[in-house]
Amino acid sequence: MRQMIIIGSGPAGYTAAIYAARAELEPLLIASSVEAGGELMNTTEVENFPGFPEGIMGPDLMDKFRLQAERFGTEVVYDDVTEVDLTGDVKRVTLGSGEVHEALSVVVATGSAYRKLGLPDEDRLSGYGVSWCATCDGAFFRKRVVAVVGGGDSAMEEATFLTRFADKVYIIHRRDSLRASKIMQQRAFDNPKIEFLWNSEVAAISGETAVESVTLRDTITGEERELELTGLFIAVGNDPRVHLFHGQIDLTLEGTLAVEGRSSRTNLPGVFAAGDVIDPTYRQAITAAASGTVAALDAEHYLASLPEALLAPAKGSVEEGSAPVAGSTVDADGELVNLP
Amino acid sequence: MSNLKQVTDATFEQDVLNSDKPVLVDFWAEWCAPCRAVGPVLEKIAEENGDKIEIVKLNVDDNPETAAKYHITSIPAMKVYRGGEVVKSVIGAKPKPALESELAAFLA
Chain A
1 MRQMIIIGSG PAGYTAAIYA ARAELEPLLI ASSVEAGGEL MNTTEVENFP GFPEGIMGPD
61 LMDKFRLQAE RFGTEVVYDD VTEVDLTGDV KRVTLGSGEV HEALSVVVAT GSAYRKLGLP
121 DEDRLSGYGV SWCATCDGAF FRKRVVAVVG GGDSAMEEAT FLTRFADKVY IIHRRDSLRA
181 SKIMQQRAFD NPKIEFLWNS EVAAISGETA VESVTLRDTI TGEERELELT GLFIAVGNDP
241 RVHLFHGQID LTLEGTLAVE GRSSRTNLPG VFAAGDVIDP TYRQAITAAA SGTVAALDAE
301 HYLASLPEAL LAPAKGSVEE GSAPVAGSTV DADGELVNLP
Chain B
1001 MSNLKQVTDA TFEQDVLNSD KPVLVDFWAE WCAPCRAVGP VLEKIAEENG DKIEIVKLNV
1061 DDNPETAAKY HITSIPAMKV YRGGEVVKSV IGAKPKPALE SELAAFLA
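Chains as they are written, first to last, in this note's numbering: chain A, 1 to 340; chain B, 1001 to 1108.
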């Protein structure tokens, strides 16, 4: 058994791992099989993470997070969690491979998933013009007309990135002002290939085998019109990834995992949450990282408060030659055995 | 680097379209993070099902002709060819169990 399992490999998960590993908790971090590194893996230049005045590519930043966590003894597993049992003193986490890992504490840092528009043809045309990842798919739209839906930083970044390839990039936004940071807004405003379509929402996506056009609806007048394009990039926000924890960890009204005050403590003792999965508001790499620190410190505090009998097997299985507790010893399986 | 066979615009017909066995083509690129993520999953599936399906890779930057011919607009795109025709398309990186269930008809 372990002292700590961390679920998630974005800034929150890896920062929790760095702190926990330096506290010699030898955490196991479940990184996911195909989404390891989290959301920053699909971004290009990260310009607002302190310590990188020249900017750094998202995947490179996540590689550094991982190396720093591993340097202090974090074990990283590239698999997906399929089931959790977090209610008891000993937490059980089942992986896609069928492997079950046990630990005394769990940090949940599962982040969030792209939100869909919820239109009938969205799924059918996904991969055929509908995309959530400009860095993955932008290059296929050379000299084409595309649109980005959304008004936040991600929408501005995607649109600006897409101008490298596309002839024309529309930004479709429901309101008449943007949520994005000023610098990202300005970059989009200054780009001659970008045109804003204000107070507009996508009412339908059309195309037989690939996207051919979208129906735009004016959010004020309700008037509809067709816009011809071949690519539609959706950047309308994210939803916290909480499905694994339904019925175990309490949620907030916003759908994030509920934590106590400024801590990372969930309703379950020994279960802590960090990053986008608890944050409906800020959702930045740096705030997620900070929240990972809080979770590691809270978990460390919790583990220190546990009775020695519960801790011994967890420690005994990983620390060679550690002195047994007086009057007891640890057998080969790491089980606490009372001496006669 | 992957140990899966790389096919090109020049070899596509012979290696994929004329193959007796179903062939899954993984359309990918260096700069695509989800492509790098799904690579090892495909290698594992290939290793376990080598007798039923062949899995090959096509770099879309180096082989734009084939990528355009099959209307690739999103990668990773995994297409299964049988008798020269596309019989299954999977878009996006998916965990091994999810990919296996999508490909179940070709792995049985």
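From the three backbone atoms N, C-alpha and C, an ideal C-beta is built for every residue, glycine too.
Each of A:Asn191, A:Val149 and A:Met184 was checked against the Cα of A:Asn199, and the nearest Cα belongs to A:Val149.
By the neighbour-count criterion, in which 16 or more other beta carbons inside 10 Å mark a residue as buried, B:Val1087 falls on the exposed side. Between the alpha carbons of A:Thr43 and A:Ser305 lies a distance of about 40 Å. For A:Arg66, the three-state secondary structure derived from DSSP is helix. For A:Asp89, the closest of A:Ala296, A:Leu227 and A:Ala103 by C-alpha to C-alpha distance is A:Ala103. B:Leu1017 and B:Ser1101 have their alpha carbons spaced roughly 24 Å apart. Linking B:Gln1014 to B:Val1007 through their CA atoms gives a straight-line distance of about 9 Å. Residues of the region 120-139 of chain A that bring their beta carbon within less than 8 Å of a beta carbon in chain B comprise Ser126, Gly127, Tyr128, Gly129, Ser131, Cys133, Thr135, Cys136, Asp137 and Ala139, in sequence order.
For A:Lys193, same chain residues with a beta-carbon under 8 Å away, outside a window of 5 residues either side, are Thr163, Ala166, Asp167, Lys168 and Val169 in chain order.
Residue ranges of uninterrupted alpha helix (DSSP H) with 4 or more members, entirely inside the region 1053-1102 of chain B and ordered along the chain, are 1064-1069 and 1096-1102. Per DSSP, A:Phe272 is one residue of the beta strand (DSSP E) stretching across Val271 to Ala273.
The contact set of A:Asp80 on chain B, defined by CB atoms closer than 7 Å, consists of Pro1095 in chain order.
Of all alpha-carbon atoms in A:Glu228, A:Thr94, A:Ser9 and A:Ile5, the one lying nearest the alpha-carbon of A:Leu67 is that of A:Ser9. A residue is called buried once 16 or more other Cβ atoms fall within 10 Å of its Cβ, and A:Pro27 is buried on that count.
Residue nearest to A:Tyr14 within the set A:Gln248, A:Ala210 and A:Val77 is A:Val77 (criterion: CA-CA distance). With respect to chain B, the C-beta atom of A:Met41 has a partner C-beta closer than 7 Å. Taking a Cβ-Cβ threshold of 7 Å, the residues of chain A close to B:Ile1091 are Ser126 and Gly127, in chain order. Secondary structure within the region 149-188 of chain A: the beta strand (DSSP E) runs of 3 or more consecutive residues, fully enclosed, are 168-172 (chain order).
In chain order, Ile6, Pro27, Leu29, Ala69 and Thr74 place their CB closer than 6 Å to the CB of A:Ala17, counting only its own chain and leaving out the 5 sequence neighbours on each side. Listed along the chain, the chain A residues whose CB falls inside 9 Å of the CB of B:Ala1104 amount to none; the nearest CB is some 16 Å away.
Judged by their CB atoms, A:Ala147 and A:Ile183 are not nearer to each other than the 7 Å cut-off. Against chain A, a Cβ distance below 8 Å from B:Val1038 picks out Val34.
At a cut-off of 3 residues, the continuous stretches assigned as beta strand (DSSP E) that sit fully inside the region 215-275 of chain A are 224-228, 231-234, 238-240 and 271-273. Looking at A:Pro240, A:Val214, A:Val271 and A:Arg262, the one whose alpha-carbon comes closest to that of A:Ile249 is A:Val271. Around A:Arg217, the same chain offers Glu201, Ala203 and Glu224 as residues with beta carbons nearer than 6 Å, after the five sequence neighbours per side are excluded. Rounded to whole angstroms, the Cβ separation of B:Phe1106 and B:Ile1053 is 5 Å, and the two are in contact under 8 Å. The three-state secondary structure of A:Ser33, taken from DSSP, is coil. Membership of A:Ser305 in the alpha helix (DSSP H) is indicated by the continuous run Ala285 to Ser305.
Per the C-alpha coordinates, the member of A:Leu125, A:Glu195, A:Asp123 and A:Ala23 positioned closest to A:Ala155 is A:Glu195. Of all alpha-carbon atoms in A:Leu310, A:Ala21, A:Asp79 and A:Arg115, the one lying nearest the alpha-carbon of A:Ile234 is that of A:Arg115.
DSSP places A:Phe140 in the helix class (H, G or I) of the three-state scheme. Counting of Cβ neighbours within 10 angstroms places B:Asn1063 among the buried residues, the total reaching 16 or more. A:Thr281 counts as exposed, since fewer than 16 other C-beta atoms from the protein chains shown sit within 10 angstroms of its C-beta.
Bridge partners of A:Lys91 according to DSSP: A:Ala103.
Per DSSP, the unbroken alpha helix (DSSP H) holding B:Glu1047 starts and ends at Ala1033 to Glu1048. Shown in chain order are the members of the region 1021-1046 of chain B whose Cβ falls below 7 Å from a Cβ of chain A: Cys1032, Ala1033, Pro1034, Ala1037, Val1038 and Val1041.
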